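**Student:**
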Amino acid sequence: SVHMIVVRVRPDFSFEVVDREKEMVRLGAGGLDGKKLTPESMHAALQALSKFQRLATSHQVDEILAVATSATREAENGGAFLKAIERKTGIRARLITGTEEARLIHLSAVYGVDTPKRAVVIDIGGGSVEITRGSGSAVEFARSFKLGVIRLTERFVDSDPISSRDERKMTEFISEQVDRYLGHLVEAGYDRVIGTSGTILSLGVVATAMDRGTAPEEVRNLRVPAKSLRRLRKAAVEMDLEERMHLPGQDSRRADLMVAGAILLDTLLKKLGADEITLCDLALREGVLLDYIHRHRKDIARVDSYPDVRRRSVVELAERCRWEAEHSRQVAALALTMFDFTKRIHGLGDREREWLEFAGFLHDIGNHISYEKHHRHSYYLIKNGDLRGFEPEEIEIMALVTRYHRRATPKDHHIGQQDLSKQHRRAVEILSAFLRLAETLDRSRHGVVRGLEIRERLGELRIKVQAVGDGELEVWAAHRQARALEVALDRKIWIEKVPYRKGLKGVNTELTRQKLPRNPRRVG
């Protein structure tokens with residue numbers, strides 16, 4: 097089967113399912129023993145995945161996670177099939193081992209069921225069965241066996257109903273495969289057996305319906321006695337397909353595989369000495385999600401803080417390069433304050449303002465490579481930093497603004513400048529001049545400048561620097577670097593330090609860390 101869920105991951109790392117879908121394509125049918133996936137089953141799977149990809153796109157998911165299991169894992173043409181999936185749908189599926197599959201299933205089972213300390217988890221698929229034992233989410237034993245219901249049906253079921261001889265041969269084969277491993281689990285001890293996946297859920301529903309006369313409304317945490325499943329096995333092996341399809345609670349699509357499933361589950365429970373099995377409707381797909389959440393908690397928290405993909409992408413790049421967060425935010429805020437005070441002069445808009453803010457965040461990331469020529473290193477890192485949500489020209493402009501925050505000022509013949517329009521070259525000149533001066537106003541990196549007051553008079557700009565403490569180093573550095581802004585704005589600039597007083601209009605560094613309405617991350 098091909099299963100899909102679309103979820104919204106909340107800031108507290110729980111998740112909400114917003115959509116789910118599945119297609120029973122029987123990928124391993126006719127190919128598990130022949131070692132090749134059939135063209136028909138691959139076509140059906142590709143059709144399902146194409147539909148799922150469109151559904152994910154309609155939900156505007158941030159990320160698609162996909163894993164391939166037993167049928168693809170064992171097939172000679174499994175690799176070619178994965179390449180076909182990526183080529184036709186854009187989905188890059190990860191081929192996982194049987195042990196990893198078992199671990200992920202265990203994660204979902206203990207998440208979905210109120211579990212005592214020690215639990216055995218069984219998942220029956222088409223090509224394999226996974227059996228784990230663990231305490232909570234810690235998996236201590238994990239094995240995958242080639243005992244899936246499609247595999248067993250193709251190998252042992254030659255008649256309908258199944259013959260007593262074939263039933264006995266299937267039971268003996270299962271026992272040979274699992275005896276030693278299940279013996280270890282019994283010796284280690286357990287408090288509960290949990291069953292996941294469609295096969296076990298279907299058997300549990302039918303067995304309960306046969307006992308109660310009606311199918312249960314909910315399956316999660318439903319406890320099914322082993323003796324009820326044994327009765328179901330005895331009934332199923334004596335029925336033909338038509339009779340099995342009409343059992344109460346039966347999913348008709350699973351009726352042809354029901355015999356193998358009933359024999360397998362009954363045999364496993366006997367070997368474990370289990371009196372009952374608790375059903376869980378979470379399985380591998382939820383395990384993949386839970387594992388993703390565990391490994392990406394920091395990224396998910398960042399989505400809550402920065403729901404806008406552009407801002408989040410910039411912060412991610414800054415963090416990868418071990419930015420000086422407080423200094424970079426301070427410089428960005430100072431630059432934005434100057435931008436806002438002088439908007440009537442430069443006439444730039446909100447888009448350019450955002451470029452300036454992001455350039456402020458990233459202006460020093462070149463230090464990650466070396467302090468020497470770090471402005472050039474910053475340019476390179478921004479250009480090659482895989483920033484999401486930006487057009488290539490926007491990335492070029494932000495990179496150039498950081499490139500010119502120190503040393504040389506922009507020249508039309510410089511690399512990067514040549515390909516920009518006249519309008520964008522002017523933006524680079526003005527924004528880099530703001531950034532250059534803002535950098536000097538945090539020269540000590542102690543955040544002593546708490547506000548700026550800028551007034552224009554008779555073609556001159558007077559900048560009053562509101563500082564706590566000394567602030568002389570900042571004012572001295574600003575005087576040395578003011579020329580670039582004088583040229584960019586065509587104004588003479590005067591800078592003086594004044595004591596900081598609450599109530600004066602000035603910089604607010606919180607502007608650079610504001611939280612927007614939450615938009616939790618979606619994963620398909």
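Counting in my numbering, the final residue of the sequence shown is number 620, and the numbers go up one at a time with none missing. The C-beta atom is built at its ideal place from N, Cα and C for all residues, glycine as well. All of these numbers come straight from a predicted model, not from anything done at the bench.
Should Ser-517 go down as buried or exposed, given a rule of 16 or more other Cβ atoms within 10 Å for buried?
**Tutor:** exposed
**Student:** Considering only the beta carbon of each residue, do Leu-325 and Ala-356 sit closer than 8 Å?
**Tutor:** No, they are not a contact pair.
**Student:** For Glu-263, I'd like the list of residues in its chain whose CB is within less than 6 Å of its CB, leaving aside the five on either flank, ordered along the chain.
**Tutor:** Val-333
**Student:** Roughly how many angstroms lie between the CA atoms of Arg-522 and Ala-529, to the nearest whole one?
**Tutor:** 11 Å
**Student:** For Gln-514, does the three-state DSSP call read helix, strand or coil?
**Tutor:** coil
**Student:** On the DSSP letters alone, give me the boundaries of the alpha helix (DSSP H) that His-575 sits inside.
**Tutor:** 568-577
**Student:** Since Lys-184 sits in a beta bridge, which residues does DSSP pair it with?
**Tutor:** Per DSSP, none; premise fails for Lys-184.
**Student:** Does the Cβ of Ser-474 have 16 or more other Cβ atoms within 10 Å, making it buried, or fewer, making it exposed?
**Tutor:** buried
**Student:** Is the beta carbon of Val-206 closer than 8 Å to that of Ala-215?
**Tutor:** yes
**Student:** Do Gln-149 and Gly-194 have their CB atoms nearer than 8 Å?
**Tutor:** no
**Student:** How long is the line joining the alpha carbons of Asp-275 and Phe-269, rounded to whole angstroms?
**Tutor:** Whole-angstrom Cα-Cα distance: 10 Å.
**Student:** Whose C-beta lies closer than 8 Å to the C-beta of Gly-300 among residues of the same chain, with five residues either side of it excluded?
**Tutor:** Gly-291, Val-315, Leu-318, Val-320, Leu-325, Ile-373, Leu-375
**Student:** Do the CB positions of Leu-378 and Ser-204 come within less than 8 Å of each other?
**Tutor:** yes
**Student:** Exposed or buried, what is Pro-595 when buried is set at 16 or more other beta-carbons lying within 10 Å of its beta-carbon?
**Tutor:** exposed
**Student:** Between Arg-546 and Val-564, which are expected to be in contact by the criterion C-beta below 8 Å, what is the C-beta distance as a whole number of angstroms?
**Tutor:** The C-beta distance from Arg-546 to Val-564 rounds to 6 Å, short enough to meet the 8 Å contact threshold.
**Student:** If you draw a straight line from the alpha carbon of Glu-226 to that of Val-217, how long is it in whole angstroms?
**Tutor:** 8 Å
**Student:** Does DSSP put Lys-560 in a helix, in a strand, or in coil?
**Tutor:** It is a strand residue.
**Student:** Excluding sequence positions up to five away, which residues of its chain have a Cβ less than 8 Å from the Cβ of Gly-512?
**Tutor:** Tyr-475, Glu-492, Ala-495, Leu-496, Arg-499
**Student:** Tell me whether Trp-419 sits in a helix, a strand or coil according to DSSP, three-state version.
**Tutor:** coil
**Student:** With a CB to CB cut of under 6 Å and the five nearest residues on each side skipped, what residues in its chain are close to Arg-484?
**Tutor:** Val-405, Ser-409
**Student:** Return the chain-ordered ranges of every beta strand (DSSP E) run that is complete within the segment 178-240 and spans a minimum of 3 residues.
**Tutor:** 214-220, 225-231
**Student:** Relative to the C-alpha of Thr-295, which candidate in Ile-389, Gly-244, Thr-433, Ser-466 has its C-alpha closest?
**Tutor:** Gly-244
**Student:** In whole angstroms, what is the alpha-carbon distance linking Ala-152 and Arg-597?
**Tutor:** 53 Å
**Student:** Write down every uninterrupted run of the alpha helix (DSSP H) in the segment 424-456 whose length is 4 residues or greater and which is fully enclosed by it, in chain order.
**Tutor:** 439-442
**Student:** Determine whether the beta carbon atoms of Gly-124 and Ile-246 lie at a separation below 8 Å.
**Tutor:** yes
**Student:** Could you please give the first and the last residue of the uninterrupted alpha helix (DSSP H) stretch that includes Lys-118?
**Tutor:** Boundaries for Lys-118: no alpha helix (DSSP H) harbours it, while the beta strand (DSSP E) harbouring it runs 111-119, taken from the DSSP string.
**Student:** Would you say the segment 251-266 touches the segment 166-181, given that touching needs at least three Cβ pairs under 8 Å?
**Tutor:** Verdict: no, contact absent.
**Student:** Are there 16 or more other CB atoms within 10 angstroms of the CB of Ser-110, so buried, or fewer, so exposed?
**Tutor:** exposed
**Student:** What's the gap between the Cα of Leu-477 and the Cα of Ala-414?
**Tutor:** 10 Å
**Student:** Could you tell me the distance, in whole angstroms, from the CA atom of Leu-353 to the CA atom of Lys-394?
**Tutor:** The straight-line gap from Cα to Cα measures roughly 43 Å.
**Student:** Touch check for the segment 458-469 and the segment 433-442: three-plus C-beta pairs under 8 Å?
**Tutor:** No, because fewer than three Cβ pairs between the segment 458-469 and the segment 433-442 fall closer than 8 Å, the two stretches do not touch.
**Student:** Which residue's Cα is closest to the Cα of Arg-440: Arg-551, Gly-285, Gln-514?
**Tutor:** Arg-551
**Student:** Helix or strand or just coil, what does DSSP make of Lys-242?
**Tutor:** coil
**Student:** For His-459, name the three-state secondary structure that DSSP assigns.
**Tutor:** Residue state, collapsed to three classes: coil.
**Student:** Pairing CB atoms from the segment 130-146 with CB atoms from the segment 161-176, are three or more of them under 8 Å?
**Tutor:** yes
**Student:** If we count the other Cβ atoms within 10 Å of its Cβ and call it buried at 16 or more, is Asp-566 buried or exposed?
**Tutor:** exposed
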